[in-house]
Amino acid sequence: MLVDGVDVREWDLVALRRHVGLVHQDTVLFSGSIEANLRLGADGEVSRQDIERAVEMANARRFIEALPQRYAQEISERGTNLSQGQRQLLAIARALVYNPAVLVLDEATSSVDPESEALIQDAMARLLAGRTSLIVAHRLSTIQGADRILVVHRGRIREEGRHAALLRHGGIYARLYELQFGSRTA
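Every position in the sequence shown, counted from 1, becomes a number in the numbering used here once 68 is added.
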């Protein structure tokens with residue numbers, strides 16, 4: 069596998085990890101400020117501009133600026149004083165702080181409220197532009213624009229293609245789409 073044209077085995081492990089942004093379904097936030105959670109211990113390596121760019125790309129700016137202390141707002145352990153959607157938007161922004169070449173979204177919208185999902189969907193084009201992305205999702209709205217969709221069923225790849233082609237095929241993906249949206253037309 070290549071990242072930025074270089075075999076991953078030739079990469080320095082720390083540098084490689086900085087080129088991969090990861091957003092899990094279950095967001096991990098630490099007690100401390102929003103800014104500290106976005107920096108994640110890399111104080112000297114991350115500028116305020118990097119943070120603001122990532123927050124803007126993730127559509128998290130509006131909710132952060134509505135907080136009394138904005139970026140200095142204290143978060144409780146695991147972010148329990150924020151909604152699940154707000155935690156997920158922060159996790160996406162944190163993954164983007166280093167402008168990674170590869171972005172992995174592992175069920176990033178599965179447990180968020182409809183408003184937060186809409187914000188994430190709105191940000192998807194910006195989040196994915198110019199980078200390789202691996203998106204694991206049950207919500208098909210998250211992957212409709214993907215260049216390549218792999219449908220995994222019972223541990224095996226059963227279908228592969230773009231959204232429209234998979235709908236026309238009438239297989240597993242088309243059935244899932246119909247269950248989620250009530251129709252096979254996009």
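By construction, the Cβ of each residue, glycine as well, lies at the ideal position given by its N, Cα and C atoms.
Scanning Gln117, His92, Gln154, Ser144 for the CA closest to the CA of alanine 134 turns up Gln154. In terms of Cβ geometry, valine 123 and arginine 116 do not form a close pair [threshold 8 angstroms]. Around the Cβ of serine 184, a 10 Å sphere holds 16 or more other Cβ atoms; the residue is buried. One alpha carbon belongs to isoleucine 188, the other to serine 209, and they sit about 11 angstroms apart. Here isoleucine 143 is buried: its Cβ has 16 or more other Cβ atoms, across all protein chains shown, within 10 Å. Leaving aside the five residues that flank glycine 250 on each side, none in its chain has a CB nearer than 7 angstroms to its CB. Exclusion of the five residues before and after arginine 194 leaves Met125 as the residues of its chain whose Cβ lies within less than 8 angstroms of its Cβ. Around the beta carbon of leucine 235, 16 or more other beta carbons lie within 10 angstroms, which makes this residue buried. Rounded to whole angstroms, glutamate 113 and valine 91 show a C-alpha spacing of 20 angstroms. Secondary structure of isoleucine 119 (DSSP, three-state): helix.
Residue Ala197 holds the alpha-carbon nearest to the alpha-carbon of leucine 164 among Ser151, Ala197, Val74, Arg222. Counting C-beta pairs with one atom in each stretch, the region 232 to 248 and the region 198 to 205 have fewer than three that are closer than 8 angstroms, which means they do not touch. Contact annotation: serine 201 and leucine 247 have beta-carbon atoms that are not nearer than 8 angstroms. At the C-beta level, tyrosine 166 and glycine 73 stay beyond 8 angstroms of one another. Sixteen is the threshold: since fewer than 16 other Cβ atoms of the shown chains lie within 10 Å of the Cβ of glycine 100, the residue is exposed. Under the three-state reduction of DSSP, arginine 222 is assigned to coil, being neither helix nor strand.
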